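Participant: Chains as they are written, first to last, in this note's numbering: chain S, 1392 to 1700; chain P, 999 to 1266.
Quick one: this structure, given as structure tokens, is what I'll be asking you about.
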């Protein structure tokens, strides 16, 4: 730098910026570790990349992926619809609905999903026969053996959906409570009915707070569906397991499953980014941004740059 | 039901049937009695300013008028009709929420915190009521909104979002939103209290124009100068009761009651 010779360059705008020495050390260590991982990926024969390639688009794997996506969609739909109802119950003044909703949320959030799943699957051990009729032991109109109704698939969507409802209820309640009371009062003051005020004023504003965590829930649901492999439902993981139980290529097939989980969650991440941007149009992004959402933003903005180049 | 025709005759006899009639309005918060029987009548075209110390119950009274606050006693009628009730067999019966909403639509309200709908543009804020509640045509509502924005001095700001506006501008949009419903009565709940001092003037000027234009309004404020210049009548509330009322020159310049004098002394 020739700063001492030419005084007009004595300006902060072209000052030499001091880098923190540990930044360089940290980056060097991280690069070294990353290099080693890549090296291992390519030189360890047991990863079996050829096997991964063979099974990546295998028919049963594709069917398993389809089942995983189907479970995610159905469970999330149940979760969101029931979650809205639960959230409204919890926020109501109804002396019966309010504590019941709180109890439901307490129970489903407080017990492991895996246990609930096995419980639903074994419902026939508790009630061998399911019947429709007058409650409290009155006459029945129709009945069927539990095992015929509660299949592995039904147990899976019931368990995942009911669980999700408890989590979604809290997210939706948080979103609705974040809308200031004045907004509801202003809506009432111009003569809006409670329903109209809810869907025109409160809900659109609450969505900004509801959408980001709901995106996280969808992504986490994609992964939670892997639990259903324990009740022998042929999802992505179970399909991979079925293959490695025959040919003992455990690691390559788990990699196949992971690749597909990553593909799905990455696509969802991108989708979430655009939905968040849509709902944030008149306001700042909400609350604390998680590391994951920040990363996905960086990821997405890099994609934009790449697209322009 | 049977007294309905009588009232019409009455209204014809003296055209000054009050727009607002509050009779012995009471409100308690827990053990604290906030309103201890407020009687107030506001005639058509009249502009009434309610003054009083903080905690005197003046804002609570205003919020009781359109039932944002549920009164515990008394009766509130707007254009001769109970705001949230109907008379059946000699008793008041609460009306369903939809009917309450319909009756509230004729009472405009301007809030201390503006409360513009933050996800809507200025135009959408103003037209939401006329289109969504009154069922007017969007093109008509848009035209009226443009006129109102001109009236409050914000022509051309239709597409702005509330957070892009200053507090004074937001409050003037809120006034336009209230006027768009063609209300029989507009309530102003401390409309300038949340504003920076240099922005108070523009909102008061707008309100003065409306008072001069014959809008029926009830204003809760601490702006004595506004009361002096724009009010037809000043009501002084303290401790949940009306202590004194009358024309501004009488109440403000020659207060009869010691509490009024003490209150006004703080503004000199």
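Ideal placement from N, C-alpha and C gives every residue a C-beta, glycine not left out.
Everything numeric in this text was worked out from a predicted model, so none of it was measured.
Go through the stretch 1457-1542 of chain S residue by residue and report every complete run of the alpha helix (DSSP H) that reaches 4 residues or more, in order.
Facilitator: Runs of the alpha helix (DSSP H) inside the stretch 1457-1542 of chain S: 1488-1501, 1504-1512, 1514-1517, 1537-1540.
Participant: Please name the residue, chosen from P:1251, P:1254, P:1261, P:1236, that lies closest to residue 1059 of chain P on a Cα-to-Cα basis.
Facilitator: Cα-wise, what sits closest to residue 1059 of chain P is P:1236.
Participant: Going straight from the alpha carbon of residue 1020 of chain P to that of residue 1601 of chain S, what length do you get?
Facilitator: About 42 Å.
Participant: Apart from the five residues on each side of it in sequence, which residues of its chain come closer than 7 Å, Cβ to Cβ, to residue 1259 of chain P?
Facilitator: If we look at residue 1259 of chain P and ignore the five residues flanking it on each side, its Cβ neighbours are 1253.
Participant: Name the one or two DSSP bridge partners that residue 1242 of chain P has.
Facilitator: Answer is P:1234.
Participant: Go ahead and pull the three-state DSSP assignment for residue 1445 of chain S.
Facilitator: Here residue 1445 of chain S sits in helix by DSSP.
Participant: Where in the stretch 1098-1123 of chain P do unbroken runs of the beta strand (DSSP E), each at least 3 residues long, occur, reported from the N-terminal end onward?
Facilitator: Listed in chain order, they are 1105-1108.
Participant: Give me, in chain order, the residues of the same chain whose beta-carbon lies closer than 6 Å to that of residue 1500 of chain S; leave out the 5 immediate sequence neighbours on both sides.
Facilitator: 1557.
Participant: Work out the CA separation of residue 1631 of chain S and residue 1649 of chain S for me, nearest whole Å.
Facilitator: When rounded, the distance between both Cα atoms is 10 Å.
Participant: Within the continuous beta strand (DSSP E) that includes residue 1032 of chain P, where are the two ends?
Facilitator: That run of the beta strand (DSSP E) goes 1030-1040.
Participant: Enumerate, from N- to C-terminal direction, the unbroken beta strand (DSSP E) stretches of 3 or more residues contained entirely within the stretch 1534-1584 of chain S.
Facilitator: For the stretch 1534-1584 of chain S, not a single whole beta strand (DSSP E) run of length 3 or above is found.
Participant: Three or more beta-carbon pairs under 8 Å between the stretch 1141-1161 of chain P and the stretch 1217-1225 of chain P, yes or no?
Facilitator: Segments in contact, no.
Participant: For residue 1269 of chain P and residue 1082 of chain P, I'd like the C-alpha separation in whole angstroms.
Facilitator: The first residue shown for chain P is 999 and the last is 1266, placing residue 1269 of chain P beyond what the model contains.
Participant: Would you mind working out which of S:1409, S:1474, S:1670, S:1480 sits nearest residue 1598 of chain S, comparing C-alpha positions?
Facilitator: Residue 1598 of chain S has its Cα closest to that of S:1670, out of S:1409, S:1474, S:1670, S:1480.
Participant: Determine the chain S residues that contact residue 1111 of chain P at a beta-carbon separation under 7 Å, and present them in chain order.
Facilitator: 1573, listed in chain order.
Participant: Here's the rule: buried if 16 or more other CB atoms are within 10 angstroms of the residue's CB, otherwise exposed. What is residue 1064 of chain P?
Facilitator: Residue 1064 of chain P comes out buried.
Participant: Checking 7 Å against the spacing of the C-beta atoms, do residue 1612 of chain S and residue 1425 of chain S come in under that value?
Facilitator: Contact flag unset, no.
Participant: According to DSSP, is residue 1089 of chain P helix, strand or coil?
Facilitator: In this structure, residue 1089 of chain P counts as strand in the three-state DSSP scheme.
Participant: Enumerate in chain order the residues of its own chain whose CB-to-CB distance from residue 1514 of chain S is below 6 Å, with the five nearest sequence positions on each side excluded.
Facilitator: Answer for residue 1514 of chain S: 1537, 1541, listed in chain order.
Participant: My assumption, with CB atoms under 8 Å, is that residue 1551 of chain S sits in contact with residue 1431 of chain S. Please give the rounded CB distance.
Facilitator: Residue 1551 of chain S to residue 1431 of chain S, Cβ: 35 Å. No contact.
Participant: When burial is assigned at 16 or more other CB atoms within 10 Å of the CB, is residue 1246 of chain P buried or exposed?
Facilitator: Buried.
Participant: Per DSSP, residue 1084 of chain P forms a beta bridge with which residues?
Facilitator: DSSP, once it has assigned bridges, lists P:1091 as partnering residue 1084 of chain P.
Participant: Which one of P:1031, P:1029, P:1209, P:1119 has the shortest CA to CA distance from residue 1159 of chain P?
Facilitator: Minimum Cα distance to residue 1159 of chain P is reached at P:1119.
Participant: For residue 1675 of chain S, is the classification buried or exposed, using 16 other Cβ atoms within 10 angstroms of its Cβ as the cut-off for buried?
Facilitator: In this predicted model, residue 1675 of chain S has a pLDDT of only 42, less than 50, meaning its place in the structure is not dependable enough to derive any value.
Participant: Which residue wins for smallest C-alpha separation from residue 1114 of chain P, given the options P:1172, P:1217, P:1186, P:1030?
Facilitator: Checked all of P:1172, P:1217, P:1186, P:1030; the closest Cα to residue 1114 of chain P is P:1172.
Participant: By how many angstroms is the C-alpha of residue 1178 of chain P removed from the C-alpha of residue 1673 of chain S?
Facilitator: Since pLDDT at residue 1673 of chain S reaches only 49, below the 50 mark, its modelled position is unreliable, and the value read off the structure follows with that caveat. Looking at the two C-alpha atoms, the distance is approximately 23 Å.
Participant: Quick one: Cα of residue 1107 of chain P to Cα of residue 1184 of chain P, how far?
Facilitator: Each residue's alpha carbon lies about 6 Å from the other.
Participant: So, are the CB atoms of residue 1197 of chain P and residue 1165 of chain P less than 7 Å apart?
Facilitator: The answer is yes: Cβ separation under 7 Å.
Participant: When DSSP labels each residue in this structure, what does residue 1162 of chain P get in the three-state scheme?
Facilitator: Note: residue 1162 of chain P maps to helix in three-state DSSP.
Participant: Under the three-state reduction of DSSP, which class applies to residue 1187 of chain P: helix, strand or coil?
Facilitator: If DSSP states are grouped into helix, strand and coil, residue 1187 of chain P belongs with the strands.
Participant: May I ask you to list, following chain order, the residues of the stretch 1575-1586 of chain S that have a beta carbon less than 7 Å from some beta carbon of chain P?
Facilitator: Within the stretch 1575-1586 of chain S, the residues whose Cβ lies closer than 7 Å to some Cβ of chain P are 1576, 1577, 1579, 1580, 1581, 1582, 1583, 1584, 1585, listed in chain order.
Participant: To which residues of the same chain is residue 1563 of chain S closer than 7 Å at the C-beta, ignoring the five residues directly before and after it?
Facilitator: Same-chain partners within the cutoff: 1474, 1475, 1478, 1601.
Participant: So the alpha helix (DSSP H) residue 1198 of chain P belongs to, where does it begin and stop?
Facilitator: From DSSP, the alpha helix (DSSP H) with residue 1198 of chain P extends over 1195-1210.
Participant: Once you ignore the five residues that flank residue 1618 of chain S on each side, which residues in its own chain have a CB closer than 7 Å to its CB?
Facilitator: The residues are 1504, 1505, 1508.
Participant: Pull the bridge partners of residue 1024 of chain P from the DSSP assignment, please.
Facilitator: Answer is P:1034, P:1071, bridged to residue 1024 of chain P.
Participant: Roughly how many angstroms separate the alpha carbons of residue 1679 of chain S and residue 1606 of chain S, rounded to a whole number?
Facilitator: Confidence in residue 1679 of chain S is poor, its pLDDT being 41 and thus under 50, which makes the residue's placement too unreliable to answer from.
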